[in-house]
Amino acid sequence: MNSYLYDGTADGLLSAISWILEEEADPEKVTLSERKDTLFEEGFTISTDAPRAESLFFRLKQHAPDAAHTLYSFMLAEKGEMETSLLHYVSLAFRHGDQVKGYLTHPAIRDIVNVAKKAGRELHRMKGLLRFEKLQDGAYLAKMEPDCNIIHPLAYHFSRRLRAQHWFLYDVKRRTAARWNNGSLQFGTIEQFTTPALSEDEKKVQALWQAFFKTISIPDRKNPRLQKSNMPMKYWKYLVEKQGE
Amino acid sequence: MDTKAKLQILSGAARYDASCASSGSRREGPSSGTGNTSTSGICHSWADDGRCISLLKILLSNDCIYDCAYCVNRSTNPVERASFTAREVIDLTLEFYRRNYIEGLFLSSAVMQSPDHTMERMVRVAETLRTEEQFGGYIHMKIIPGCSSELVRKAGLYADRISVNIELPSQASLQRLAPQKHKHAILEPMALIGREIATSLVERKVCRHAPRFAPAGQSTQMIIGASPENDFQILRLSQGLYKKMNLKRVYYSAYVPVTADNRLPALAAPPLRREHRLYQADWLLRFYGFSAEEILSDEAPHLDESFDPKTAWALRHPEFFPVEVNRADYATLLRVPGIGVVSAKRIVAARRFSPITPEGLKKIGVVIKRAKYFIICSGRSSEKPDQSPTVIRQRLLLGAGGETAVSAHPEQLVLPGLFA
Ligand code: SF4
């Protein structure tokens, strides 16, 4: 059984998979892991080749769009130690096409699909739970701390939705930001973040939302457990309606 | 009265409406405006009662001239009254939407002055949002029974979903409990909406730019337990609404007494279990290929208290089981108690690769707690074969897969339609 190593980057991972699929007779028999340069590490290191990584993704997208989408979501989760499963998944996806996602009795497929699902779920959740605040200069800012690295697809979602506004998304832990202004979307990192001043009416609007949030709930039916399972507490930090409770 | 005080009264009065869905419509936002809609719908928060908040759900006014026995807003009940101006509703919607609090607006109202007067003001809100403000988000509007068909048509052009509450399951009950509302004033707009939706779909096939009419469809709501109709009557009514009027959804709300009135039954508790069973039966109608006549009959017109309607059907039809999961087609799998749409799809997808064993079923995430009495897997069964329905019934009731308590399905936390 052959073992391979790569440099730990996303491009490195995909170029390694691409290389193995071409060179190995039975890719489902080999392992792939991140190179840590430890004493007992064994394996052949595959070098990173960004265009090759990209081309693998596009070939998969043509062959099995659903499976490519799963791969994309899986990468958002930034999950380590699952490289071998991913390799087997991609190999099976080229073999079976999109039907592969139904092959849940296969452990590698189940693992990859589950992680991808988790990332997809968080992305969907954040489309609802993200909160913008209006700043003094009229722009809007939303801060977040998601588990997965979803700022790209999330910003794309809002670029179709809040088109007439000037807005920013900021991933506090990763220090990455997205900006939408006049029809163009940009991404970058922010090293020193200082919270800008809010617009004058911001607190008033927030108070209205808090009032609505309170009265829309049926008083004799409090169900904090159901609320928390639908809306885990880790997301409450930036929720206007959950402040000062 | 300031906007916040109004908001408290008029969202408090709207909270008992069952529907909050923001799904079923897909609109690209106008480039100079605000908002779009997505097919799957998005929840923006969950209230303290655990229900999803997706729309700014409010009444335009709770100042009602009607006197429906079951409703807090009826004219003879001394509650504080409030009415929004159109501008207030528009500003709230936009400010909330820009901050991503909501998917859009759900606007209903009590009857102010007259049905036409009320509907006109509601339509004006939607019209201003769509045209002047270029709002592309979701709008759900209630139709006030008795308003002109011109206003119904206009509402459908601006809203994603429109709905007319049927209120009570029969004309006799309507006459007794909501004497100012007439059956034809409810059914006529429903039929009109159904026709307009169908026409618009046809026209849009020919021309992409033909106007859309309520693209997310039409829904309705009825109160359960305030009047004497049985479950069979109710299910047949729903079946008719789905088939003949093209409804997307029928919502049921267990009657909760808000005041003593000798026209209303005295209930110890709202019939939540019954409401729950009706929702389950409704699912069987819409997604599982069952008919009302398969679920109930004139001889047995009530849904089983202890079993969900699918299990009850299965126990009456032992000849249908056991089902071999490796061979049964999708429709047959759906008839197995405990196997839902997701599980049935997973089974169909997984057996392409290799026959499914009982262990394999668990691996793909199919819960067999209840299903195990009704299936075999590659010829094997995890239960003794040939159990009689009586035995299965007992085992299910003993907790081995039976339902012991009413699960708190979020959409059931519903009180009567407190408004038109
Ligand atoms: S149900 Fe509607 S019409 Fe009847 S009293 Fe209540 S608000 Fe008025």
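Protein sequence lines, in the order shown, are assigned to chains A and B. Be aware that the first sequence starts at 1, since it is given in my numbering, and climbs by one per residue. Be aware that the second sequence starts at 1001, since it is given in my numbering, and climbs by one per residue. Backbone N, C-alpha and C fix where the C-beta goes; we use that ideal spot for every residue, glycine too. Note that the coordinates shown come from a computational prediction; the quantities given were computed from them, not determined experimentally.
- Membership of A/T194 in any beta strand (DSSP E) is not indicated, and neither H nor E is assigned to it by DSSP.
- Among the residues of chain B, those whose CB is under 7 Å from the CB of A/K127 are I1042, following chain order.
- In summary, A/P219 is exposed, with fewer than 16 beta-carbon neighbours lying within 10 Å of its beta-carbon over all protein chains present.
- When Cβ-Cβ separations below 8 Å define contact, B/E1095 makes contact with chain A.
- Contact fails between the segment 1001-1011 of chain B and the segment 148-160 of chain A, because fewer than three Cβ pairs, one in each stretch, are under 8 Å apart.
- Annotation for B/A1110 indicates a beta carbon within 7 Å of some heavy atom of the ligand SF4.
- One alpha carbon belongs to B/E1150, the other to B/K1183, and they sit about 19 Å apart.
- Of the candidates A/A68, A/E23, A/W19 and A/S73, A/W19 places its Cα closest to the Cα of A/T48.
- At a cut-off of 8 Å, the C-beta of A/R163 has a neighbouring C-beta in chain B.
- Cα atoms of B/F1321 and B/Q1280: separation of roughly 21 Å, rounded to the nearest angstrom.
- Cβ contact annotation for A/L239 (same chain, cutoff 7 Å, sequence separation greater than five): L129 and R131, in chain order.
- In this structure, B/A1014 has its CB at a distance of at least 7 Å from all heavy atoms of the ligand SF4.
- A/N230 has its Cβ no nearer than 7 Å to any heavy atom of the ligand SF4.
- CA-to-CA, the gap between B/D1049 and A/K204 works out to about 25 Å.
- By the criterion of a C-beta distance shorter than 7 Å, B/V1348 is surrounded in its chain by Y1330, once the five residues flanking it on both sides are discounted.
- Remark: C-beta atoms of B/L1168 and B/I1223 approach each other more closely than 8 Å.
- Annotation: the segment 1084-1122 of chain B contains the following complete segments of the beta strand (DSSP E) (minimum length 3 residues), in chain order: 1104-1108.
- Exclusion of the five residues before and after A/W180 leaves S159 and W167 as the residues of its chain whose Cβ lies within less than 6 Å of its Cβ.
- The Cβ neighbour count for A/S184, taken over all protein chains shown within 10 Å, is under 16; the residue is labelled exposed.
- The beta carbon of B/E1028 lies closer than 7 Å to those of N1036 in the same chain, with the five residues before and after it left out.
- Annotated as proximal: A/T105 and B/A1350, with beta-carbon spacing under 8 Å.
- DSSP, reduced to helix, strand and coil, places A/N181 within a strand of the structure shown.
- A residue is called buried when at least 16 other Cβ atoms come within 10 angstroms of its Cβ; A/Q206 meets this threshold and is buried.
- The alpha carbon of B/F1084 has as its nearest neighbour, out of B/I1102, B/S1075, B/S1109 and B/P1358, the alpha carbon of B/S1109.
- Residue-level contact check: A/G102 touches chain B, since one or more beta carbons of chain B fall below 8 Å from its beta carbon.
- Proximity of the beta carbon of B/Y1066 to the ligand SF4 is indicated: a heavy atom of the ligand is located closer than 7 Å.
- For the ligand SF4, no non-hydrogen atom lies closer than 7 Å to the CB of B/A1349.
- At a cut-off of 8 Å, the C-beta of A/F132 has a neighbouring C-beta in chain B.
- No Cβ-Cβ contact shorter than 8 Å links B/P1228 with B/A1254.
- Placement of the Cβ of B/R1081 at a distance of 7 Å or more from every heavy atom of the ligand SF4 is found.
- Per DSSP, B/G1012 is one residue of the alpha helix (DSSP H) stretching across T1003 to G1012.
- The Cβ-Cβ distance between A/V115 and A/I17 does not fall below 8 Å.
- Within the segment 205-218 of chain A, the residues whose Cβ lies closer than 9 Å to any Cβ of chain B are, in chain order, V205, Q206, A207, L208, W209, A211, F212, F213, K214, T215, I216, S217 and I218.
- Contacts with chain A at 8 Å (Cβ-Cβ) include B/A1047.
- According to DSSP, residue pairing for B/W1046 in a beta bridge involves B/C1052.
- Straight through space, the alpha carbons of A/H124 and B/I1392 are spaced by roughly 41 Å.
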